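For reference, the structure discussed in these notes is given below.
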Amino acid sequence: MQRPTYLPPQWSAHVQPEGKPYFSHKGPLTTVTESWIHDAKIISEVEKWIERITLQIKNKKTELINVELYIRIDENLDCYYYVVDRQAQSLFWTENLTTEDVGLPPVASPSHLRAALEKEFWQHVDRFPAHFGGLREENLLQLLDAFSYIRIDQITSCYSTFTHPAEETNAIYDILKGCRGRTHKAEVVSTIARGWNVVLFSRFHNLYGEETPRIDSRHSIYVESEEDREVDGFRTRMMCFMTFKQSEYLRERMNTLFVDQFVYSPRVSDFVQERVREWKEQVVPSLLMLSLHISFFFIHASWMAVAISATCFSFCLMAALALIQQHDRLSSHKDPEHVIDWFHSQVLGKYKFQKVAFIFAAPGAFFTWGMLSFFGHWLFIALSGIDSTITIPLAGILGVVLLLCLLQVTTASEKAPPTPALTHPHSSSLEHEPAGRIVDIV
1 MQRPTYLPPQ
11 WSAHVQPEGK
21 PYFSHKGPLT
31 TVTESWIHDA
41 KIISEVEKWI
51 ERITLQIKNK
61 KTELINVELY
71 IRIDENLDCY
81 YYVVDRQAQS
91 LFWTENLTTE
101 DVGLPPVASP
111 SHLRAALEKE
121 FWQHVDRFPA
131 HFGGLREENL
141 LQLLDAFSYI
151 RIDQITSCYS
161 TFTHPAEETN
171 AIYDILKGCR
181 GRTHKAEVVS
191 TIARGWNVVL
201 FSRFHNLYGE
211 ETPRIDSRHS
221 IYVESEEDRE
231 VDGFRTRMMC
241 FMTFKQSEYL
251 RERMNTLFVD
261 QFVYSPRVSD
271 FVQERVREWK
281 EQVVPSLLML
291 SLHISFFFIH
301 ASWMAVAISA
311 TCFSFCLMAA
321 LALIQQHDRL
331 SSHKDPEHVI
341 DWFHSQVLGK
351 YKFQKVAFIF
361 AAPGAFFTWG
371 MLSFFGHWLF
381 IALSGIDSTI
391 TIPLAGILGV
401 VLLLCLLQVT
411 TASEKAPPTP
421 ALTHPHSSSL
431 EHEPAGRIVD
441 IV
């Protein structure tokens with residue numbers, strides 16, 4: 001059967017800036033939908049549910065002015081909806097529901113819930129920007145004020161809590177400045193809505209306005225159990241000994257990138273970029289040190305010591321090349337979702353980043369052990385040519401100094417240094433907060 005090409009009375013068609021069509025209904029309760037109302041079955045269900053939900057809203061003594069209904073009819077003719085309050089910049093439903101029912105993340109207080117719903121409101125405006133006549137200029141000016149503060153905070157603080165890097169913040173600010181005087185256009189409405197969504201997501205994540213907000217990206221606002229903070233003492237000491245404490249340093253750095261199980265992808269990319277640069281810097285020195293082993297062919301040397309140092313430099317070279325090949329693509333900011341997925345995959349139970357930190361420290365550790373073996377052998381050759389009355393005391397002194405240095409690198413804390421935690425009486429979840437999205441409810 002051929003579908004009609006005309007729209008029912010009081011319905012109008014619009015197109016989102018990304019190109020997806022949607023439809024709006026001008027009645028007692030303004031309604032928007034992405035369901036294809038050219039289908040007779042769909043429009044019949046849509047109009048039936050509009051009447052039903054309108055009656056439910058009136059029964060709650062709620063004014064229909066500045067209220068808008070979103071409705072979706074799926075392939076099984078089931079109805080999904082939410083109601084938008086444009087004056088309050090929030091969402092509500094006609095039933096008593098929990099945040100879990102509507103897919104919202106855990107909240108700490110009523111004001112925290114308000115921030116989550118305001119974020120979803122702007123997500124709605126982004127999806128349906130063309131049917132209501134545009135936004136007030138005040139919405140744009142307030143957003144510019146918010147981004148002005150974010151920019152200065154990123155300049156004056158090394159650990160800004162905003163979820164985007166400074167380069168992206170500046171780009172967003174410049175785009176928003178060009179929107180002045182055109183807030184009635186659908187493309188500009190969508191642009192402003194996305195800007196607010198970014199700001200509100202950051203505020204929600206950092207408990208903006210709450211009793212204990214996050215004001216430093218390294219600080220936790222939830223309390224981890226002692227079991228989560230524990231690090232195996234023997235394992236840690238062994239890794240510190242083998243990597244000269246480099247693995248412990250990297251583990252602590254990675255812990256600061258995973259506060260409350262939230263990942264700032266640009267900072268992870270910068271961290272990986274630093275590691276890749278270090279690995280690349282170890283390639284040429286490793287090749288040079290391997291070539292210097294040729295000198296042992298012309299002197300009387302211990303082939304065991306030569307083999308040990310050559311093996312260390314070879315492992316350093318191979319490990320560095322393998323890690324560069326595997327992680328170089330993560331050092332750019334072009335694919336944040338891939339970076340976040342990779343970083344989450346490195347968390348292993350209560351040991352968290354201990355394994356990956358040890359792997360990242362391996363090239364440097366192999367190079368250092370190779371240098372100790374190489375120059376230690378040369379020192380042995382040099383001392384063997386000196387009178388034994390001098391050699392033995394000198395070798396003893398050097399041995400004690402070396403032993404003390406090696407023992408020093410095994411000194412590691414039994415527990416990971418706790419991230420400063422700000423407790424909140426309503427916060428009991430340590431779950432990763434998902435990106436804002438429109439949530440439908442039956």
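Quick note on numbering: the sequence shown equals residues 1 to 442 in full-length UniProt numbering.
Every residue, glycine too, gets a C-beta built ideally from N, C-alpha and C.
Quick caveat, the model's predicted, so the values are computed rather than measured.
- Note on D126: 16 or more other CB atoms within 10 angstroms of its CB, so buried under the neighbour-count rule.
- Under the three-state reduction of DSSP output, A319 falls in the helix class.
- For the set D101, R214 and Y264, the Cα lying nearest the Cα of A166 is the one of Y264.
- In this structure A108 does not touch E34 by the C-beta definition: roughly 33 Å separates them, more than the 8 Å allowed.
- The C-alpha of F23 lies about 16 Å from the C-alpha of K48.
- P8 sits close to I37, with the two beta carbons spaced by under 8 Å.
- When Cβ pairs closer than 8 Å are counted between the two stretches, the stretch 138–147 is seen not to touch the stretch 237–251, the count staying below three.
- Within the stretch 234–258, the runs of alpha helix (DSSP H) at least 4 residues long that lie entirely inside it are, in chain order, 246–256.
- Shown here for G133: same chain residues with a beta carbon closer than 8 Å to its own, the five before and five after excluded, namely H184 in chain order.
- For A13, the enclosing beta strand (DSSP E) covers residues W11 to V15.
- In the three-state reduction of the DSSP assignment, H25 falls in the strand class.
- Looking from the CA of E45, the closest CA among K58, Y70, H14 and L77 belongs to L77.
- Residue environment for V15: exposed (fewer than 16 other C-beta atoms within 10 angstroms of its C-beta).
- In this structure, C316 lies near P363, with their beta-carbon atoms less than 8 Å apart.
- In terms of Cα proximity to F271, the closest of D153, Y249, M289 and H112 is Y249.
- Going by beta carbons, N255 and F353 fall inside the 8 Å limit.
- In this structure I53 is in contact with Y81, their Cβ atoms being roughly 6 Å apart against a cut-off of 8 Å.
- Taken through DSSP and simplified to helix, strand or coil, I73 comes out as strand.
- Membership of T30 in the beta strand (DSSP E) is indicated by the continuous run T30 to T33.
- If one requires a minimum length of 3 residues, the beta strand (DSSP E) runs lying completely within the stretch 58–118 are 67–73, 79–85 and 90–92, in chain order.
- Runs of beta strand (DSSP E) with 3 or more residues, each lying fully within the stretch 273–297, are absent.
- Per DSSP, H344 is one residue of the alpha helix (DSSP H) stretching across P336 to S345.
- In the displayed model, S190 falls within a helix according to three-state DSSP.
- Per DSSP, reduced to three states, the secondary structure at L7 is coil, with no helix or strand assignment.
- The three-state secondary structure of L207, taken from DSSP, is coil.
- If you draw a straight line from the Cα of Q89 to the Cα of R203, it is about 16 Å long.
- Between the stretch 67–77 and the stretch 170–186, the count of C-beta pairs closer than 8 Å stays below three; the two stretches do not touch.
- For F162, no alpha helix (DSSP H) encloses it, and the DSSP letter there is neither H nor E.
- Burial state of R251 is buried, judged by a 10 Å Cβ sphere holding 16 or more other Cβ atoms.
- The residue among Y351, M289, A320 and L321 with its C-alpha nearest the C-alpha of S373 is M289.
- Nearest Cα to F367 within the set L287, T30, S332 and S12: L287.
- Beta-bridge analysis with DSSP links K352 to L348.
- Exposure of K177 is indicated by the presence of fewer than 16 other C-beta atoms within 10 angstroms of its C-beta.
- Distances from the alpha-carbon of V189 to those of C158, F162, Q123 and W11 put Q123 closest.
- Between the C-alpha atoms of S157 and N206 there is a straight-line separation of about 16 Å.
- Proximity to N96 across K60, P336, F262 and A307 peaks at K60, based on C-alpha coordinates.
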